[in-house]
């Protein structure tokens with residue numbers, strides 16, 4: 684006869700095998716659910732100034748401040764296995780030293796949680812009550828994943844290692860996302876279409892140029 688320890692080990696081994704198989708099936712279910720995100724991003728205002736872009740910056744340099752509008756529908760990314768979605772907007776422009784490289788800087792981001800994961804957000808009690816009310820009786824609130832921003836100021840400024848960004852050509856804004864499931868691997872904005880997973884429809888702004896350095900009035904008088 685097997686000892687009690689051996690029996691416990693057998694039961695535990697069977698349990699972990701079943702749990703692993705169930706988790707694998709849950710993760711694989713994401714491949715069946717179609718993803719058809721769409722987004723429209725447009726630049727509203729751009730300024731290039733000279734100063735300290737961050738409180739920890741040790742020296743003054745040129746940095747760009749962008750205002751943009753964003754209309755996006757990422758609701759198809761939410762399934763029963765979606766924990767939260769990380770959405771971000773980046774500015775991209777060609778690298779001056781290599782045609783194969785591209786400069787890219789994130790200017791804005793946000794996290795959209797599934798209603799069942801709202802407790803993970805660091806928000807106040809009033810906002811939490813609204814989220815709970817909106818999620819009542821729904822596995823996934825259909826309004827989740829829909830973003831409407833007008834003249835949104837970027838959270839982060841655009842800088843460059845050279846300290847100069849003024850009059851940079853061929854700049855575009857791009858919308859990206861990262862889906863974090865309850866079970867499975869992180870998935871990023873696809874570069875190619877795979878089955879029901881489609882690229883972001885739109886999601887790229889018109890090409891624009893960063894303006895010349897904005898000179899302060901004091902400097903003009905001097």
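Residue numbers (the numbering used here): 684 to 905.
Glycine included, C-beta positions come from ideal geometry on N, C-alpha and C.
| task | Leaving aside the five residues before and after residue 880 along the sequence, list all residues of the same chain whose C-beta is less than 6 Å from its C-beta, in chain order. | result | Sequence index remark: in the chain shown, residue 880 carries index 197 (1-based). Within the same chain, and ignoring the five residues on either side of residue 880 in sequence, the residues whose Cβ sits closer than 6 Å to its Cβ are 718, 873.
| How would you label residue 745, buried or exposed, when you count the other beta carbons within 10 angstroms and need 16 or more for buried? | By 1-based counting over the chain shown, the position of residue 745 is 62. By the neighbour-count rule (16 or more Cβ atoms within 10 Å), residue 745 is buried.
| message | I believe residue 766 touches residue 865 by the beta-carbon criterion, under 8 Å. Please report the beta-carbon distance rounded to the nearest angstrom. | response | Residue 766 sits at position 83 when you count from the first residue of the chain shown. Residue 865 sits at position 182 when you count from the first residue of the chain shown. Yes, they are in contact, since the Cβ atoms of residue 766 and residue 865 sit about 5 Å apart, within 8 Å.
| field | Run of the beta strand (DSSP E) containing residue 769, from where it starts to where it stops | value | The residue given as residue 769 occupies position 86 in the chain shown. Run containing residue 769: 765-777, per the beta strand (DSSP E) assignment.
| request: State whether the segment 827-839 contacts the segment 750-768, with contact taken as three or more CB pairs (one from each stretch) at a distance under 8 Å. | output: yes
| So is residue 905 buried or exposed if we call it buried at 16+ other beta carbons inside 10 Å? | Translated into the one-based positions of the chain shown, residue 905 becomes position 222. Residue confidence is low: residue 905 scores 49 on pLDDT, short of 50, so the model does not pin down where it sits. No coordinate-derived value is stated.
| Who are the Cβ neighbours of residue 714 in its own chain at under 6 Å, not counting the five residues just before and after it? | In the chain shown, residue 714 corresponds to position 31, counting from 1. Sequence-distant partners of residue 714 (beyond 5 residues in either direction) whose C-beta falls short of 6 Å from its own C-beta are missing from its chain.
| Between residue 764 and residue 808, what straight-line distance do the alpha-carbon atoms span, to the nearest angstrom? | As a first step, residue 764 is located in the chain shown; it is residue number 81 there, counting from the start. As a first step, residue 808 is located in the chain shown; it is residue number 125 there, counting from the start. Here the alpha carbon of residue 764 sits roughly 26 Å from the alpha carbon of residue 808.
| message | Please state whether the Cβ-Cβ distance between residue 768 and residue 841 is less than 8 Å. | response | Within the chain shown, numbered from 1, the residue matching residue 768 stands at position 85. Within the chain shown, numbered from 1, the residue matching residue 841 stands at position 158. Using a Cβ distance threshold of 8 Å, residue 768 and residue 841 do not count as a contacting pair.
| field | Under the three-state DSSP convention, the category residue 693 falls into | value | On the chain shown, residue 693 is found 10 positions in, with the first residue counted as 1. In the structure shown, residue 693 sits in a helix (DSSP, three-state: H, G or I).
| query | Looking at the structure shown, is residue 759 part of a helix, part of a strand, or coil, going by DSSP? | reply | Residue mapping note: residue 759 aligns to position 76 of the chain shown, counting from 1. Note: residue 759 maps to helix in three-state DSSP.
| query | Between which two residues does the beta strand (DSSP E) carrying residue 888 extend? | reply | Position 205 of the chain shown holds residue 888. Segment: none, residue 888 is in no beta strand (DSSP E) and carries neither H nor E.
| Whole-angstrom distance between residue 747 and residue 849, CA atom to CA atom | To locate residue 849, count along the chain shown from 1; it is residue 166. To locate residue 747, count along the chain shown from 1; it is residue 64. Answer to the nearest angstrom: the Cα atoms are 8 Å apart.
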